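A.B. asks: Each residue of the sequence shown is one higher than the one before, counting from 1 in full-length UniProt numbering.
Here a beta-carbon is modelled for each residue, glycine too, at the ideal position from N, C-alpha and C.
Predicted, not measured: the structure shown is a model, and the values here were computed from it.
This is the structure I have questions about; it appears just below.
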Amino acid sequence: MMKNGGWGGKAADQDLSSISSKLESVSLPGDDAVSAVSSVSAYPVSAAGPGSTSYLSSGGTETSEEEDRLPQSEVSLMQKIVRTKLVTSKAEIEVLRQDPFSPLHSVKSFEALKLKPLLLKGVYEMGFNAPSKIQETALPILLADPPQNMIAQSQSGTGKTAAFVLAMLSRVNTSLNYPQVLCLSPTYELAIQTGEVAAKMGQFCDDIKIRYAVRGEELARNHRLTEHIIIGTPGKVLDWSTKYKFFDLSKIAVFVLDEADVMIATQGHQDQSFRIRKFLTSNCQIMFFSATYDEEVMQFAKGIVPNPVLIRLKREEESLDNIQQYYTLCEHKDDKYQAISNIYGGITVGQVIIFCQTRKTAAWLTQKMTKDGHAVALLSGELTVEERINVLDRFREGKEKVLITTNVLSRGIDIEQVTIVVNFDLPVDQQKGADCETYLHRIGRTGRFGKSGIAINLCSHLEANTTLKHIQDHFGNCSRKSYFFRRRSGSSKRKSKTSATKEGLLTIL
Numbered sequence: 001m002m003k004n005g006g007w008g009g010k011a012a013d014q015d016l017s018s019i020s021s022k023l024e025s026v027s028l029p030g031d032d033a034v035s036a037v038s039s040v041s042a043y044p045v046s047a048a049g050p051g052s053t054s055y056l057s058s059g060g061t062e063t064s065e066e067e068d069r070l071p072q073s074e075v076s077l078m079q080k081i082v083r084t085k086l087v088t089s090k091a092e093i094e095v096l097r098q099d100p101f102s103p104l105h106s107v108k109s110f111e112a113l114k115l116k117p118l119l120l121k122g123v124y125e126m127g128f129n130a131p132s133k134i135q136e137t138a139l140p141i142l143l144a145d146p147p148q149n150m151i152a153q154s155q156s157g158t159g160k161t162a163a164f165v166l167a168m169l170s171r172v173n174t175s176l177n178y179p180q181v182l183c184l185s186p187t188y189e190l191a192i193q194t195g196e197v198a199a200k201m202g203q204f205c206d207d208i209k210i211r212y213a214v215r216g217e218e219l220a221r222n223h224r225l226t227e228h229i230i231i232g233t234p235g236k237v238l239d240w241s242t243k244y245k246f247f248d249l250s251k252i253a254v255f256v257l258d259e260a261d262v263m264i265a266t267q268g269h270q271d272q273s274f275r276i277r278k279f280l281t282s283n284c285q286i287m288f289f290s291a292t293y294d295e296e297v298m299q300f301a302k303g304i305v306p307n308p309v310l311i312r313l314k315r316e317e318e319s320l321d322n323i324q325q326y327y328t329l330c331e332h333k334d335d336k337y338q339a340i341s342n343i344y345g346g347i348t349v350g351q352v353i354i355f356c357q358t359r360k361t362a363a364w365l366t367q368k369m370t371k372d373g374h375a376v377a378l379l380s381g382e383l384t385v386e387e388r389i390n391v392l393d394r395f396r397e398g399k400e401k402v403l404i405t406t407n408v409l410s411r412g413i414d415i416e417q418v419t420i421v422v423n424f425d426l427p428v429d430q431q432k433g434a435d436c437e438t439y440l441h442r443i444g445r446t447g448r449f450g451k452s453g454i455a456i457n458l459c460s461h462l463e464a465n466t467t468l469k470h471i472q473d474h475f476g477n478c479s480r481k482s483y484f485f486r487r488r489s490g491s492s493k494r495k496s497k498t499s500a501t502k503e504g505l506l507t508i509l
């Protein structure tokens, strides 16, 4: 039975170094059995290389089930809805222009954009005090006369939706009662989300009208749209414009294609987008936005956007420098649960996220912890989008201190109070090899916003020797530092903290 009063205190009330010190004295299963082992690199290394199917033939991770993965459209939607603040980025902006000698301006305030007063009021009402990194460069280009086409790439949370919505609202001529702006989104939910941003930003501009072109929206035959902005999905927009003639695509002055990487992943959307594009005039301003910048996305962009200014916000690598990493050996699932029980009763921190590889393991752990009388939340792919958002809201508000989840907790969602991440199962890819990037994004849920954090990995001897060793080597060979701490039992002779070994940047307690 777990001790009461475990992970209940606020993270701000405590020093992470004292938590780390307490963690050393917590008894964990497997410590006595391997007390003579001083480091991961001391284990014999398997001949199996990265990606080999023999990586996890036994040990703690279940291999009979598929990983819990969400469609990219749902990941993107969750990031938009749940995020409470823009990402503060120090990453560089890359700008590629057709004419390298044309002037390039950036702005540090929204006043510098000379927006309509009521639109500027809406921007401030939304809590935007100053342009984000990508907005500083993108907005002067998007609002320039004559209009310029743009391809923009940056990760979620950097302010690109607000940037193109502001441009959409700015381009509307309210004296003309027909659609002038068309924004395509890959799904119903993402279209509604974009529309809500537009409605909030334009809340004081009563003369600007918005219409959704999504499932469930039906119009009478021979109807002619008078709204200025249409936000919808490709199939519905194509039907309304070409089949039913509700509006004229040749009169569209601004065309926005959002979430292009998600659009490509949705069957039929890419072709429908191309068909819509063919009806637009050469004077139409085209804005193309994507979170990724791979070859498939760029080929899509080239077929949509002529002579673009290309803006790219380089992705910042998540730092591991302020995250203390531990691992403990647990040969079976019950051993892992006992380890969590002991940790739970031994330290008091803010909030904790526990990652499992499959829905089945996450459900088992949730049921077991709940049975022992502890308030935990479960987040997995079988929940609806609304249910997942509700779970995250409750966790962020502190109503549950422990969140048990699979890989559906996307990298774009930050919860400031999280101070400990536990890998109940080490992350592996479809070939059962170490998934280093998922490891990075998982433990990156702690140590956010410059604060310190702790990551605890529960693994078998075999996993320590293969998966964990590979993760250690991967980050040891990269510019990102990765320190692995081996927690030893209280009965063992405790070594002082030593410097990193040459082979693996390994630090021993």
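Residue 224 and residue 246: beta carbons closer than 9 Å?
C.D. replies: yes
A.B. asks: DSSP three-state label for residue 459, please.
C.D. replies: strand
A.B. asks: For residue 296, which residues of its own chain have a beta-carbon under 7 Å away from its beta-carbon, when the five flanking residues on both sides are left out?
C.D. replies: 264
A.B. asks: So what's residue 415 in DSSP terms, helix, strand or just coil?
C.D. replies: Looking at residue 415 - three-state DSSP - the assignment turns out to be coil, as it is neither helix nor strand.
A.B. asks: In terms of DSSP beta bridges, what is residue 434 paired with?
C.D. replies: 428
A.B. asks: Suppose only complete runs of 3+ residues qualify. What are the beta strand (DSSP E) ranges in the region 383-411, listed by chain order?
C.D. replies: Within the region 383-411, the complete beta strand (DSSP E) segments at least 3 residues long are 402-405, listed from N- to C-terminus.
A.B. asks: I need the boundaries of the beta strand (DSSP E) containing residue 126, first residue and last residue.
C.D. replies: Run containing residue 126: none; DSSP gives neither H nor E here.
A.B. asks: Taking the straight line between their C-alpha atoms, what separation do you get for residue 375 and residue 162?
C.D. replies: So the two alpha carbons sit approximately 37 Å from each other.
A.B. asks: Cβ atoms of residue 403 and residue 363: under 9 Å apart, would you say?
C.D. replies: no
A.B. asks: Could you say which of 453, 435, 442 lies nearest to residue 466 if we only look at CA atoms?
C.D. replies: 435
A.B. asks: Figure out for me which residue from 96, 147, 139 has the closest Cα to the Cα of residue 165.
C.D. replies: If you compare the alpha carbons of 96, 147, 139 with that of residue 165, the shortest gap goes to 139.
A.B. asks: With the cut-off set at 9 Å, would you say residue 325 and residue 229 are in Cβ contact?
C.D. replies: Their beta carbons are not under 9 Å apart, which means residue 325 does not touch residue 229 by this criterion.
A.B. asks: When the Cα atoms are used, what is the spatial distance from residue 438 to residue 423?
C.D. replies: 11 Å
A.B. asks: Counting contacts by CB-CB distance shorter than 9 Å, is residue 253 in contact with chain D?
C.D. replies: Reference to chain D is not applicable here, since this structure consists of a single protein chain.
A.B. asks: Using beta-carbon positions only, say whether residue 367 and residue 396 come within less than 9 Å of one another.
C.D. replies: Contact check for residue 367 against residue 396 fails: the beta carbons are separated by 9 Å or more.
A.B. asks: How would you call residue 127, buried or exposed, if buried means at least 16 neighbouring beta carbons within 10 angstroms?
C.D. replies: exposed
A.B. asks: Along the alpha helix (DSSP H) that carries residue 141, what are the first and last residues, could you check?
C.D. replies: 133-142
A.B. asks: Could you tell me the alpha carbon to alpha carbon distance between residue 356 and residue 444, rounded to whole angstroms?
C.D. replies: For residue 356 and residue 444, the distance between alpha carbons rounds to 15 Å.
A.B. asks: Please report the residue range of the beta strand (DSSP E) in which residue 564 lies.
C.D. replies: Any question about residue 564 goes unanswered here, given that the chain covers just 1 to 509.
A.B. asks: With respect to the beta strand (DSSP E) encompassing residue 376, which residues constitute its N-terminal and C-terminal limits?
C.D. replies: 376-379
A.B. asks: So is residue 334 buried or exposed if we call it buried at 16+ other beta carbons inside 10 Å?
C.D. replies: exposed
A.B. asks: Is the CB-CB distance between residue 232 and residue 218 below 9 Å?
C.D. replies: In this structure, residue 218 does not lie closer than 9 Å to residue 232 by Cβ.
A.B. asks: So is residue 212 buried or exposed if we call it buried at 16+ other beta carbons inside 10 Å?
C.D. replies: Per the 10 Å Cβ criterion, buried.
A.B. asks: Provide the residue span of the alpha helix (DSSP H) that contains residue 161, from first to last.
C.D. replies: 160-171
A.B. asks: Could you have a look at residue 153 and say whether DSSP puts it in helix, strand or coil?
C.D. replies: strand
A.B. asks: Sort out for me which residues DSSP pairs residue 180 with in a bridge.
C.D. replies: DSSP, once it has assigned bridges, lists no residue as partnering residue 180.
A.B. asks: Taking residue 175 as the reference, give the member of 154, 208, 146, 167 with the closest Cα.
C.D. replies: Taking only the C-alpha atoms, the option nearest residue 175 is 208.
A.B. asks: CA-CA distance, residue 431 and residue 329?
C.D. replies: One C-alpha to the other measures close to 23 Å.
A.B. asks: Between which two residues does the alpha helix (DSSP H) holding residue 195 run?
C.D. replies: 188-201
A.B. asks: Decide if residue 294 is buried, meaning its Cβ has at least 16 other Cβ atoms within 10 Å, or exposed.
C.D. replies: exposed
A.B. asks: Which class does residue 312 belong to by DSSP, given the choice of helix, strand or coil?
C.D. replies: Assigned with DSSP and collapsed to three states, residue 312 falls in strand.
A.B. asks: What do you get for residue 399, buried or exposed, if any count of 16 or more other CB atoms within 10 angstroms of its CB means buried?
C.D. replies: Per the 10 Å Cβ criterion, exposed.
A.B. asks: By the DSSP assignment, the alpha helix (DSSP H) with residue 277 in it spans what residues?
C.D. replies: 269-278
A.B. asks: Please state if the CB of residue 220 and the CB of residue 259 are separated by a distance shorter than 9 Å.
C.D. replies: no
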